[in-house]
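Written out below as structure tokens is the structure these notes cover.
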Amino acid sequence: MHIPGTIMLASWLDANGFSRDLQHRYLKSSWLESIGVGAFKRPNETVGWQGALYSLQKQANLPVYIGGPTALSMLGFSHYIRTGAETVFLFSQLNSRLPAWFKQYSWSETINHVKTSFLLEGIGMEEFQETQFPLIISSAERAIFECLYLTPEKLDIIEVYQIMSGLVNLRPGLLQKFLDECSSVKVKRLFLYMAKKANHQWFQFLDLSSVNLGEGDRNIISNGSYDSEFHITISKELAQL
Numbered sequence: 001m002h003i004p005g006t007i008m009l010a011s012w013l014d015a016n017g018f019s020r021d022l023q024h025r026y027l028k029s030s031w032l033e034s035i036g037v038g039a040f041k042r043p044n045e046t047v048g049w050q051g052a053l054y055s056l057q058k059q060a061n062l063p064v065y066i067g068g069p070t071a072l073s074m075l076g077f078s079h080y081i082r083t084g085a086e087t088v089f090l091f092s093q094l095n096s097r098l099p100a101w102f103k104q105y106s107w108s109e110t111i112n113h114v115k116t117s118f119l120l121e122g123i124g125m126e127e128f129q130e131t132q133f134p135l136i137i138s139s140a141e142r143a144i145f146e147c148l149y150l151t152p153e154k155l156d157i158i159e160v161y162q163i164m165s166g167l168v169n170l171r172p173g174l175l176q177k178f179l180d181e182c183s184s185v186k187v188k189r190l191f192l193y194m195a196k197k198a199n200h201q202w203f204q205f206l207d208l209s210s211v212n213l214g215e216g217d218r219n220i221i222s223n224g225s226y227d228s229e230f231h232i233t234i235s236k237e238l239a240q241l
């Protein structure tokens, strides 16, 4: 059944008894409107990126999800986020691709698709109820790791620390799993540095003896301040907070 505000994929219509010939007739009679090859919407409906992503997740089973600062904003932490709301961060594993119609469509926000395997697939995800349909997004625990992954190239390190400071109710068991399995030494060191600096209660429940923090120093910010405990160079502004 079609949900208003979402896209209808040609493959999904075909699987539900609407042949390609029938789709073509519906298109000619203006019952359907094409937004690109293989994707349709109802002519009287406005579709945002959320409705398009829902269709990719549910109709095409594409493992692309909302992550990083976008997920945290949806979970209620938007007051900590300075990044413009016009940028949407979608995450997936390295082998996932967004269809051409999604990438080429003029959404009201800029879509930033991050393909990475630094975290285990499918761990720490949840279903978020959008106005009329659910979307798969990162939990707060996964999302903060994704924010750190984007630092400093796409997110400001001070902004990410401010986000981290507000995450007082994270689940230490899930954080431990991410720390044990995360393949990015930079992310793990930054996470531990910020969590300790923010003096979160959940930090004391983490077992750091099982976490592989790699060897050598990590220069995250050039000409910054060196932290001798986690062997990272961060911004002087962050060090002074």
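Residue numbers 1 to 241, in full-length UniProt numbering, belong to the letters of the sequence shown in order.
Note that CB positions come from ideal geometry on N, CA and C, so glycine has one too.
Residue range of the alpha helix (DSSP H) that includes residue 154
Unbroken run through residue 154: none, as it is neither H nor E.
Thinking residue 189 and residue 213 are a contact (beta carbons under 8 Å), I'd like their distance in whole angstroms, please.
About 6 Å separates the two Cβ atoms, so the contact holds.
Three-state class that DSSP yields for residue 56 in the structure shown:
helix
Tell me, to the nearest whole angstrom, how far the beta carbon of residue 218 is from that of residue 197; I am working on the premise that it is less than 8 Å.
In fact, because the Cβ distance is near 16 Å, the residues do not count as touching under 8 Å.
Judging by CA-CA distance, which residue of 192, 206, 141 and 223 is the nearest neighbour of residue 75?
Looking at the Cα atoms, 141 is the closest of the given residues.
Range covered by the beta strand (DSSP E) that runs through residue 233
232-234
Tell me where the alpha helix (DSSP H) around residue 24 begins and ends.
20-28
Tell me, please, which residues DSSP counts as bridged to residue 209.
In the DSSP output, where bridge partners are listed per residue, residue 209 has none listed.
Nearest neighbour of residue 42, chosen from 13, 8, 69 and 58 [CA to CA]:
8
Thinking C-alpha only, which one of 59, 160, 215 and 179 is nearest residue 73?
160
Terminal residues of the beta strand (DSSP E) in which residue 134 lies
Residues 134-138.
By a C-beta neighbour count over all protein chains shown, 10 Å radius and 16 as the cutoff for buried, is residue 17 buried or exposed?
exposed
From 163, 175, 100 and 211, pick the residue whose C-alpha is nearest to that of residue 79; which is it?
Here the closest residue by C-alpha is 163.
Segment contact flag, the stretch 128-141 with the stretch 197-206, C-beta cutoff 8 Å, min 3 pairs:
no
Does the beta-carbon distance from residue 143 to residue 195 come in below 7 Å?
no
Should the stretch 111-123 be called in touch with the stretch 55-71, which here means at least 3 C-beta pairs below 8 Å?
yes
Going by DSSP, which residues form a beta bridge with residue 41?
33
Where residue 123 sits in the DSSP three-state scheme:
coil
Would you kindly report the start and end of the unbroken beta strand (DSSP E) that includes residue 92?
87-92
When the Cα of residue 2 is compared with those of 133, 96 and 241, which residue comes out closest?
Residue 2 has its Cα closest to that of 133, out of 133, 96 and 241.
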